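Participant: Have a look at this one.
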Amino acid sequence: MSRSISSTFQAALNAAATSEAVITLLTIDHDDLDEPMRFCDQPTGRLTETPLTYGLVSNGETYSHIPFVFQPPQDADGVPPQCKVIIDNIHRNIVEIARSTTERATVSIDYVLASDVDSVEISLPNFKATAADIEDGAVILTLVFDDLAGEAFPGRVFDPAGFPGLF
Amino acid sequence: MTDWPTSLPQAFLRATGAATIADNRLRSSVDVGPAKVRRRSVVSTRPLVGQMLLSASQLTTLKTFYTTTVEEVGTFNFPNPDGGDDLTVRFGGEPIKAEYLTTGIIRVTLDFEVMP
């Protein structure tokens with residue numbers, strides 16, 4: 001399926017040399033969070049002087065810089081499409097939430113250009129985090145989209161536990 | 168933000184300071200034609216290295232500044248060798264190297280990272 005991107009992005013992709021940098025924005029939302037957590041993999045400037053923090057503001061939302069890597073899904077037969085986000089484990093609340101709840105977090109990925117952070121080039125919204133592996137120095141989120149394959153079908157079945165008279 | 172101690176020299180020894188511009192480029196080789204180059208990130212740190220001559224008491228002040236004031240990882244304001252506004256720096260990979268030249272005179276090599 002083709003994806004519509006801006007002419008600036010298209011030109012940067014095709015150029016032999018470009019000063020453009022593509023920034024990945026990560027938004028994690030969960031019922032246990034007062035507000036969504038927003039991160040960027042590259043900062044464009046300082047957010048605060050004391051303490052010294054880096055990040056950017058895109059469409060009115062503040063994204064803090066933490067190092068993370070987004071691995072897009074592999075196109076392989078027989079393998080369900082899964083994305084992974086590897087986040088440097090520097091926020092304790094990520095670990096605490098991951099360990100304290102069975103509810104899935106909603107994760108969104110947006111790509112913006114450094115020259116225009118308010119224009120989202122590619123948006124990958126509403127992933128569900130199905131697993132959060134916590135390792136030394138990193139939290140690895142496994143993301144799936146529309147995990148209908150994991151849903152039981154049909155919703156009800158005639159089994160001895162529910163309908164003993166049939167057996 | 169914390170400032171570089173005023174009791175320590177406010178500049179590196181002449182001809183000992185070295186400020187380099189870090190390579191912030193991603194370079195991809197192609198089969199034919201020039202390599203594709205783009206910026207790795209919009210902002211990046213750059214190294215700043217220099218030497219100072221300190222007395223024993225100044226060396227103690229420096230060590231206290233490193234271990235207690237900035238707690239080894241904090242950022243602080245350092246006078247800009249090029250003039251102008253102070254630089255925001257933090258200690259780099261080899262933060263402090265002291266050479267005892269003679270009694271009471273220590274040559275210290277400082278390794279800073281200039282923050283964007």
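Residue numbers (our numbering), protein chains in the order written: chain P, 1 to 167; chain F, 168 to 283. From the three backbone atoms N, C-alpha and C, an ideal C-beta is built for every residue, glycine too. These numbers come from a predicted model, not from an experiment.
1. Can you give me the C-alpha to C-alpha distance between residue 169 (chain P) and residue 272 (chain F), rounded to a whole angstrom?
2. Tell whether a beta-carbon distance below 8 Å holds between residue 217 (chain F) and residue 265 (chain F).
3. Tell me whether the beta-carbon of residue 280 (chain F) lies closer than 8 Å to the beta-carbon of residue 176 (chain F).
4. Hey, does residue 50 (chain P) have any beta-carbon neighbour from chain F nearer than 8 Å?
5. Please return the same chain residues whose Cβ sits closer than 7 Å to the Cβ of residue 236 (chain F), not counting the five positions on each side in sequence.
6. Please state the DSSP three-state secondary structure of residue 259 (chain F).
7. Who are the near neighbours of residue 88 (chain P) in its chain, counting only those whose CB is closer than 7 Å to its CB and skipping five residues on each side?
8. Residue 20 (chain P) CB to nearest chain F CB: under 8 Å?
9. Whole angstroms are fine: how far does the CA of residue 22 (chain P) sit from the CA of residue 127 (chain P)?
10. Using a Cβ-Cβ cutoff of 9 Å, what residues of the segment 202 to 214 of chain F are near chain P? List them in chain order.
11. Does residue 10 (chain P) come out as helix, strand or coil in the three-state DSSP assignment?
12. Taking the CB atoms as reference points, tell me whether residue 194 (chain F) and residue 202 (chain F) lie closer together than 8 Å.
13. Is the beta carbon of residue 172 (chain F) sitting closer than 8 Å to the one on residue 232 (chain F)?
14. Kindly list the residues whose CB is nearer than 7 Å to the CB of residue 163 (chain P), restricted to its own chain and excluding five residues on each side of it in sequence; keep chain order.
15. Say the cut is 7 Å; is the CB of residue 180 (chain F) nearer than that to a heavy atom of the ligand ADP?
16. Using a Cβ-Cβ distance cut-off of 8 Å, determine whether residue 219 (chain F) contacts chain P.
17. Do you know offhand how far residue 180 (chain F)'s Cα is from residue 191 (chain F)'s?
18. Is there a C-beta anywhere in chain P that falls below 8 Å from the one on residue 242 (chain F)?
19. Could you tell me the alpha carbon to alpha carbon distance between residue 112 (chain P) and residue 262 (chain F), rounded to whole angstroms?
20. Below 8 Å on C-beta distance, what does residue 234 (chain F) contact in chain P?
21. Does residue 231 (chain F) get closer than 8 Å to chain P when you measure Cβ to Cβ?
22. Which residues of chain F have a Cβ atom closer than 8 Å to the Cβ of residue 10 (chain P), listed in chain order?
23. Please tell me whether residue 228 (chain F) has its Cβ less than 8 Å away from any Cβ of chain P.
24. Is there a Cβ of chain P sitting closer than 8 Å to that of residue 255 (chain F), yes or no?
25. Assuming contact is defined by CB atoms lying nearer than 8 Å, are residue 143 (chain P) and residue 82 (chain P) in contact in what I supplied?
Facilitator: If we stick to the structure as given:
1. Because chain P spans 1 through 167 in this model, residue 169 (chain P) falls outside it and cannot be assessed.
2. At the C-beta level, residue 217 (chain F) and residue 265 (chain F) stay beyond 8 Å of one another.
3. Result no, Cβ atoms of residue 280 (chain F) and residue 176 (chain F) do not sit closer than 8 Å.
4. Taking Cβ atoms only, chain F reaches closer than 8 Å to residue 50 (chain P), which makes this a yes.
5. So the list reads 169, once near-sequence residues are dropped.
6. Residue state, collapsed to three classes: strand.
7. Cβ-Cβ distances below 7 Å link residue 88 (chain P) to 66, 67, 68, 137, 138 in the same chain, with the five nearest sequence neighbours on each side left out; the list follows chain order.
8. Using a CB distance cut-off of 8 Å, residue 20 (chain P) counts as an interface residue toward chain F.
9. Going from the Cα of residue 127 (chain P) to the Cα of residue 22 (chain P) covers about 21 Å.
10. Taking 9 Å as the upper bound on Cβ-Cβ separation, chain P lies near residues 202, 203, 204, 205, 206, 207, 208, 209, 210 of the segment 202 to 214 of chain F.
11. Reduced to three states, the DSSP call for residue 10 (chain P) is helix.
12. Going by C-beta atoms, residue 194 (chain F) is nearer than 8 Å to residue 202 (chain F).
13. In this structure, residue 232 (chain F) lies closer than 8 Å to residue 172 (chain F) by Cβ.
14. Cβ neighbours of residue 163 (chain P) beyond the five flanking positions: none.
15. Among the components modelled here there is no ligand, and therefore nothing to report on the ligand ADP.
16. Not an interface residue.
17. Rounded to whole angstroms, residue 180 (chain F) to residue 191 (chain F) spans 28 Å at the Cα level.
18. Output row for residue 242 (chain F): interface = yes.
19. Cα-Cα distance, rounded: 36 Å.
20. Residues of chain P whose Cβ lies closer than 8 Å to the Cβ of residue 234 (chain F) do not exist; the shortest such Cβ separation is about 19 Å.
21. Interface criterion not met: the Cβ of residue 231 (chain F) is under 8 Å from no Cβ in chain P.
22. Counting only Cβ-Cβ distances below 8 Å, residue 10 (chain P) has no contacts in chain F at all, with the closest Cβ about 14 Å away.
23. By the rule that beta-carbons nearer than 8 Å mark a contact, residue 228 (chain F) does not touch chain P.
24. A Cβ of chain P is located within less than 8 Å of the beta carbon of residue 255 (chain F).
25. Cβ distance < 8 Å, so residue 143 (chain P) and residue 82 (chain P) count as in contact.
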